[in-house]
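So the structure is just underneath, and the comments pick up after that.
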Amino acid sequence: MKRIKWPACLKLNNMKLRDKLLLMYFISVFAPIVLTNIIFYQVTTSHVRNQKERDASVALEQTKREFRSLIEEAVGISYLYYTDSALSERLDHRYESTLDYVEAYHTYLRHAFTRTNQAAIRWLQIYVDNPTIHTSGNIELLTDEVRSLEWFRVFSREKVPYPVLISADGTFSLLQRLDNYTNEYEKLLKIDLNMDMIRQLFLHSPFEGDLYLTGPDGVIQYARAPDAGLTRGRMTLASVPLSKDTMRFVKPYEGVNYLKGWTLHGFMDERIVLEEVRKSWPYVIGLASLNFLVPSLILILMARSIHVRLIRLLKHMKKVKNQNFETIPPAQESRDEIGQLISEFNRMTGQIRSLIQDVYMADIQKKDLELKQRLAQLHALQSQINPHFLFNALETIRMRSLIKNEVETARIIQNMAKIFRKSISWGRDWVTIREELELVECFLEIQKYRFGNKLKYIIEAEDEAIDTVIPKMTLLPFVENASIHGIESIPHNGLIAVAIRLSGERMQVIITDNGIGMTPDKLEDILLYLNEDTAIKEKIGMKNAFTRLRMCYGEQFQFEIRSEPGQGTAVEIGLPMKPAV
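Each step along the sequence shown adds one to the number in my numbering, with nothing skipped, and position 510 is 543.
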């Protein structure tokens, strides 16, 4: 996972001690106190709001019940007339003369309206289209003029057997068809409610907010609000200006036929509801500020006591960096931890001065001598290998010349000369793979001259690796070892293969032969001899090359030998890529 890099200003190690103390106080003390006060304020506000909502809902429900009770009084009266069969019979009767109707009115009809003495009812009227009846008292003919009135048009759209509440011309009316017994004539009961009682009901409602009563069509029919005058006409709640902090309450009349679709709405401003709670907010801010300022001043004074002495100590430490080992005067010390630190600094300063004078300079001289010795050893290792290969080449030519006198000697001498010239050219310590393989090929040609058809060799190198540089004459000793110690003693034909491959950012050199191989014990002895830091005794070529490669590449140098008796030997060298120069 990728590590996040924080800006330097956010790292604690880059902060001053005084700032750390203030930050610690802010995070550990001030922030929790403020957070606790805020949470307490929010919880209290939430509780007050919830309680206000419950109280408002109860108050609105009470207003809803009181309005329904008022309507139910009128509904009860309407059902008395609806179930009066005698009244229905007299309203449907065809009177022969006006005198007959007057007699019927005085004997029954006039007395039928004495039961409407209810405070919730302002007026009661029966409309009938019986032409033999004359308008008198609470009975009126249902004429075309009456049919054109707003309340009649609204009621005519309602085809229900129960009373219907209708608002028209600023008056609430309850209308009921008197068709329970006979339907010879259309009879209609209209009860106008007492609007003064309705106004008093809404005016004295315990709900602390604006009240709106909407009809089935969503139009506001009555309102108790500062803008109640704006609600005259066909206005809906969408036209009422409301703030984003307004709390809304809705109480629909459900399960009541004569109030079907009517809804009581209540709006309250949340700011007014929470006004008392919000008055405590300045006290929260004041207490939090007091909790911050007083401890901060105390903390600043204590931090200054620490900060000043640490700065003095830091100045003397910077002098030490410039090899000025001046101690802090004892008069400036104290007995706390910083005072102890100053005492230890004075003691350490004296010891450092002594170490620099007695040990450090001597150690520098010793390291410089060791470095020179390592460089001398590296050059000695490079120089040791030159006569070694020259003597082997000359011995091969000598032995072959004694056995058989051939003109091929000139070619072998030419190859030997190439090796000799390369070995003594010390102007370059690093050569390309191409140049190193030329030396290997010259050596193998000399060996092939010695062994004849008994020796074959294969040299392969990837094109991308051919210009890579390596230390000079570091592959040749391993090829020589494969020829002299691997192929020479076998009765059958020998094969030496040199392969150079690339694997990512590394180069693999594999040298194999099908010679006599080695036992596990002998292989272990050779590996132990190559890895130990001792003087070079035998197997000069391999030890020399191994040591130079390890010195040049360090931990990046990889070396492995695999061998079995009678199966040959494989040497694998792993090196990092280095571009040609």
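Quick reminder that beta carbons are idealized off the backbone N, C-alpha and C, glycines included.
Can you list, in chain order, the stretches of the beta strand (DSSP E) that have 3 or more residues and sit fully within the stretch 211-259? 220-226, 243-247, 253-257
Helix, strand or coil: how does DSSP classify LYS293 here? coil
So, do the stretch 207-227 and the stretch 79-88 have three or more beta carbon pairs nearer to each other than 8 Å? no
Leaving aside the five residues before and after THR116 along the sequence, list all residues of the same chain whose C-beta is less than 7 Å from its C-beta, in chain order. ASN213
Shortest alpha-carbon distance to ASP162 belongs to which of ASP177, PRO259, THR552, ALA152? If we check each option's Cα against that of ASP162, ASP177 comes out closest.
What are the boundary residues of the alpha helix (DSSP H) that includes PRO510? 509-514
Contact under 7 Å by Cβ, GLY294 with PHE282: no
ALA364, DSSP secondary structure in three states: Residue placement at ALA364 is poorly supported in this model, since its pLDDT is 49, which falls under 50; the coordinates still yield a value, given next. In the structure shown, the three-state DSSP call for ALA364 is helix.
Could you pull out every residue in the same chain whose Cβ sits closer than 7 Å to the Cβ of ASN227, ignoring the five residues on either side in sequence? ALA152, ALA153, ILE154, ARG155
Identify every run of the beta strand (DSSP E) within the stretch 461-507, keeping only runs that are complete inside it and at least 3 residues long; order them along the chain. 463-465, 488-494, 502-504
Just verifying my parser: in three-state terms, what is the DSSP assignment at MET551? coil
ASP546 (DSSP reduced to helix, strand or coil): strand
Would you report the Cα separation of GLU513 and ILE385, rounded to the nearest angstrom? 56 Å
Would you identify the three-state DSSP class for ASP302, choosing helix, strand or coil? strand
Identify, in the order they occur along the chain, each residue of the same chain with its Cβ nearer than 7 Å to the Cβ of THR264, setting aside the five sequence neighbours on each side. Because THR264 carries a pLDDT of 47, less than 50, the predicted location of this residue cannot be relied on, and the following value inherits that uncertainty. Within the same chain, THR264 has close Cβ partners ILE253, ALA256.
Helix, strand or coil: how does DSSP classify ARG386 here? helix
Which term fits ALA409, buried or exposed, when burial requires 16 or more other beta carbons within 10 angstroms of its beta carbon? Note that ALA409 has pLDDT 46, beneath the 50 cutoff, so the model's placement of it is unreliable and no number is given.
DSSP state of ARG595 mapped onto helix, strand, coil: strand
Between TYR195 and ILE166, which are expected to be in contact by the criterion C-beta below 8 Å, what is the C-beta distance as a whole number of angstroms? So it is not a contact: roughly 25 Å between Cβ atoms.
Ends of the alpha helix (DSSP H) at MET280? Unbroken run through MET280 is the beta strand (DSSP E), 279-285; no alpha helix (DSSP H).
Looking at the strands, I want to know which residues DSSP matches up with TYR160. GLU173, LEU221
Relative to the alpha-carbon of ALA532, which residue among GLU469, PRO524, MET551, HIS144 has its alpha-carbon at the smallest distance? GLU469
Per DSSP, the bridge partner or partners of GLY28: An answer regarding residue 28 cannot be provided, because it is not within the stretch 34 to 614 covered by the chain.
Which residues does DSSP list as the beta-bridge partners of LEU608? MET540
In the DSSP assignment, find the beta strand (DSSP E) that holds ALA201 and state where it starts and stops. Looking at the DSSP string, the run of the beta strand (DSSP E) that includes ALA201 is 197-201.
Proximal residues to ARG672 (C-beta, below 6 Å), its chain only, five neighbours per side dropped: Within the shown structure, residues of the chain are numbered from 34 to 614, placing residue 672 beyond reach of any answer.
What's the gap between the Cα of ARG534 and the Cα of GLU605? 11 Å
Looking only at its own chain, which residues have a Cβ that is under 6 Å from the Cβ of SER516, when we skip the five neighbours before and after it? GLN480
Roughly how many angstroms separate the alpha carbons of GLY548 and LEU528, rounded to a whole number? 8 Å
Mind checking ILE66: buried by the 16 CB within 10 Å criterion, or exposed? exposed
Using the beta-carbon count (16 or more within 10 Å), is ASN577 buried or exposed? buried
Span of the alpha helix (DSSP H) around ASN577: It spans 573-586 - the alpha helix (DSSP H) in which ASN577 sits, taken as one unbroken run.
Per DSSP, what kind of secondary structure is ILE154 in: helix, strand or coil? strand
Given this structure, state the Cα-to-Cα distance separating LEU236 from ALA107, to the nearest angstrom. Spanning the two alpha carbons is a distance of roughly 21 Å.
May I ask which residues mark the beginning and end of the alpha helix (DSSP H) holding TYR112? 64-115
Within 10 Å of its beta-carbon, does GLU597 have 16 or more other beta-carbons around it, so buried, or fewer, so exposed? exposed
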